[in-house]
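Asker: In my numbering, the protein residues as written are 216 to 367. Glycine included, C-beta positions come from ideal geometry on N, C-alpha and C. Just so you know, these numbers come straight off a predicted model, no measurement behind them. I have a structure I would like to understand better, so I am pasting it below and will then ask my questions one at a time.
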């Protein structure tokens, strides 16, 4: 995925998007309320499109918006500047536990059915923690969609 983000691998991005479209069409039956991009630490949000021409999460959202027609919401904020990359399996879960928090205006007010979008699923620590926080604040079901599932 890192190679795709930074090396102008446009044909691969098209291939991944075709697979995502097929899955999104199947998700229509779930009657989802909203989607969320798993947030990154805010100081990392400025991305130079020359250095990183492909943003997997943004592309996931564009396809989701087009096919499912559900709003993008941002109830979570990442409070830890640390990345998961390079951490062991257990370290990822330990770190994820304190990596995000709910924004005050969303406390107890999250939609019932949410689609959580992220680029890569490795251990599940990040999406597990995000789901835990969302469910603690009103969400009944969290569905996760990623471009890739990798094993460590």
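1) Are there any heavy atoms of the ligand GDP lying less than 7 angstroms away from the beta-carbon of residue 273, as far as the coordinates show?
2) Among all the DSSP beta bridges, which residues are the ones paired with residue 405?
3) On the three-state DSSP scale, how would you describe residue 284?
4) For residue 352 and residue 237, I'd like the C-alpha separation in whole angstroms.
5) If you run the structure through DSSP and keep just helix, strand and coil, what is residue 314?
6) May I have the straight-line CA-CA distance separating residue 283 from residue 339, to the nearest angstrom?
7) Only counting the same chain, and skipping five residues up and downstream in sequence, which positions put a Cβ closer than 6 angstroms to that of residue 350?
Answerer: The answer reads as follows:
1) This structure does not include the ligand GDP; it has no bound ligands of any sort.
2) The chain is shown only over 216 to 367; residue 405 falls outside these bounds and no answer can be derived.
3) DSSP places residue 284 in the coil class of the three-state scheme, outside both helix and strand.
4) Just so you know, the alpha carbons of residue 352 and residue 237 end up roughly 30 angstroms apart.
5) Reduced to three states, the DSSP call for residue 314 is coil.
6) Rounded to the nearest angstrom, the two C-alpha atoms are 24 angstroms apart.
7) If we look at residue 350 and ignore the five residues flanking it on each side, it has no Cβ neighbours.
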